[in-house]
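Using our numbering, the letters of the sequence shown map in sequence onto residues 59 to 419.
Note that CB positions come from ideal geometry on N, CA and C, so glycine has one too.
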Amino acid sequence: MAGCLAERYRGELAQGLPEVDLFIGTREYDRIGDLLAEASGGALPAREAFSDTLMDYSRRLPRLLAEPGPSAYLKVAEGCSRPCTFCVIPRFRGRFRSRAAHHIIEEAEALAAAGVKEVNLLAQEITSYGTEIGEGHSLAKLLERLEDLRWIRILYNYPRGVTDELLDAIRDLPWVVEYIDMPLQHIATPVLTAMRRGIDEAGTRALIEKMRRAIPGCALRTTMLVGFPGETEEDFKALLDFVRETRFTRLGAFAYSSEEGSFAARLPDPVPKEAARERLRRLLSLQEEIQAGMNAALVGGRCEVLVEGVTAEGLLRGRTRHQAPEVDGEVFLHETEAGPGEIIDCEILDTDRVDLIARGI
Ligand code: SF4
59 MAGCLAERYR
69 GELAQGLPEV
79 DLFIGTREYD
89 RIGDLLAEAS
99 GGALPAREAF
109 SDTLMDYSRR
119 LPRLLAEPGP
129 SAYLKVAEGC
139 SRPCTFCVIP
149 RFRGRFRSRA
159 AHHIIEEAEA
169 LAAAGVKEVN
179 LLAQEITSYG
189 TEIGEGHSLA
199 KLLERLEDLR
209 WIRILYNYPR
219 GVTDELLDAI
229 RDLPWVVEYI
239 DMPLQHIATP
249 VLTAMRRGID
259 EAGTRALIEK
269 MRRAIPGCAL
279 RTTMLVGFPG
289 ETEEDFKALL
299 DFVRETRFTR
309 LGAFAYSSEE
319 GSFAARLPDP
329 VPKEAARERL
339 RRLLSLQEEI
349 QAGMNAALVG
359 GRCEVLVEGV
369 TAEGLLRGRT
379 RHQAPEVDGE
389 VFLHETEAGP
399 GEIIDCEILD
409 TDRVDLIARG
419 I
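As structure tokens, then:
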């Protein structure tokens, strides 16, 4: 049994599930071979200490794609050192650790050689990449060295970590798509302070303005958290107004639920569950309207589409530079001939609010 649950509740799980041969936390994946060899030898040592190693696919463990296709994820760091009070990820995934740039580049080159066109760089929060390695290392510098891929997408940006250097890289490097996924969680300063996000309303607004000035036409995706302890109706209305004015390209949202062991779990003034769910519904329905309007405005325009496959009805399907895999909808192509992995120019014919209908030109 491997992963976050095993990492967090190893002791309890071991007692309740004696039939499990081996518990592997979040920091031992690269030792699975050795651990299994030990395990098959008889007695199973309880894994008390974690190795702090990072996955290194390029040197010892060649990367296998579970789902071959023109798009892949590539993790650039493990853990997180940010202090968000609602989150327990840093506690069981450890402090932020960047993978060495040359390992990431080797892995990206191998993916490109295997036919991958789009790589989605991943970390719990990616803007810290390189900062703990030392001067001269940063996400922007890493992006400069990933030119073998056609599209590079970066997920997820922590607001305070977005630098001018990063914005310049997104704008100037043709292989980096103009797409910023930056979870904001909220806009009301009292809520942001209680969440310890390190930014307030004025800072958030200034950052968005700067991003839009630096990268005109950039897609901006965010995630919001409603019903955080102490969130008043006034705070929530400020959030609705902010979303209405800002018009994010995409927005995901969650109702707060208390995480065992988090700092926020001890905060006073909980928002009743039903009120939080109601706020979530109001926020999502506002975004649905915004999204439908934004997609309708795309009709008649042009875009690049990465062809990914064929639907059950025989239509080609793919995504634009502004659509991340799995969360942003798809493009369905009519009267078009192309193969998976091709990036083609298209005209947008229609939209069903979330997805786009287009034709190759
Ligand atoms: S919410 Fe994201 S940035 Fe904040 S502590 Fe959790 S993983 Fe880190």
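Item	Value
Residues bridged to residue 60 [DSSP beta-bridge criterion]	82
Counted within 10 angstroms of its Cβ, other Cβ atoms place residue 255 as buried (16 or more) or exposed	buried
Residue interval of the beta strand (DSSP E) (run including residue 280)	277-284
Whether residue 233 touches residue 213 by CB criterion (8 Å)	no
8 Å Cβ shell around residue 413 - same chain, five flanking residues per side excluded	387, 388, 389 and 390
Cβ-based burial, residue 105 [other Cβ within 10 Å; buried from 16]	Low local confidence applies: a pLDDT of 49 at residue 105 is under 50, so the model's placement there is unreliable, and no value is given.
Residue of 394, 400, 398 and 399 minimising C-alpha distance to residue 407	394
Nearest candidate by alpha-carbon position, reference residue 269, set 226, 296, 294 and 250	226
Proximity to residue 321 [Cα-Cα], best of 348, 149 and 132	149
Own chain partners of residue 180 with C-beta closer than 6 Å, once the 5 adjacent residues on each side are dropped	131, 133 and 213
Stretch pair the segment 355-370 + the segment 282-294: three plus CB contacts closer than 8 Å	no
Span separating the alpha-carbon of residue 239 from that of residue 253	19 Å
Closer than 7 Å: residue 82 CB and nearest ligand 1 heavy atom	no
Assigned secondary structure, residue 204 (DSSP; H/G/I helix, E/B strand, else coil)	coil
Counted within 10 angstroms of its Cβ, other Cβ atoms place residue 160 as buried (16 or more) or exposed	exposed
Any chain D beta carbon closer than 8 Å to residue 287	Going by chain labels, chain D is absent from the structure shown, which holds only one protein chain.
Sequence-distant residues of the same chain with beta carbon closer than 7 Å to residue 342, five excluded per side	311
Nearest to residue 423 (by Cα), restricted to the options 244, 261, 263 and 304	The shown model of the chain, from 59 to 419, leaves out residue 423, and the question about it has no answer.
Between the CA atoms of residue 91 and residue 297 - distance to the nearest angstrom	49 Å
Counterpart residues of residue 380 in DSSP-defined beta bridges	Note: residue 380 sits in no beta bridge, so no partner.
8 Å Cβ cutoff met for residue 399 and residue 173	yes
Straight-line gap, residue 211 to residue 177 (C-alpha atoms, nearest Å)	6 Å
Inter-residue spacing [alpha-carbon to alpha-carbon] between residue 82 and residue 60	5 Å
Residue 129 versus 382, 314 and 191, residue with shortest Cα-Cα distance	382
Unbroken alpha helix (DSSP H) run spanning residue 94, endpoints	90-98
Beta carbon shell of ligand 1 at less than 6 Å from a heavy atom	138, 140, 142, 145, 147, 148, 182, 183 and 216
When 378, 331 and 302 are compared against residue 349, the one with the closest alpha-carbon	302
DSSP state of residue 182 mapped onto helix, strand, coil	coil
Spatial distance of residue 263 from residue 377 (CA atoms)	29 Å
The segment 152-172 touching the segment 182-193, judged by at least three CB pairs closer than 8 Å	yes
Spatial distance of residue 416 from residue 375 (CA atoms)	10 Å
Where residue 157 falls: helix, strand or coil (DSSP)	coil
Cβ neighbour criterion (16 or more within 10 Å) applied to residue 365	buried
CB contact flag (residue 94, residue 80, <8 Å)	yes
Environment of residue 419 [buried if 16+ CB atoms lie within 10 Å]	exposed
Cα-Cα separation between residue 217 and residue 261, rounded to whole angstroms	9 Å
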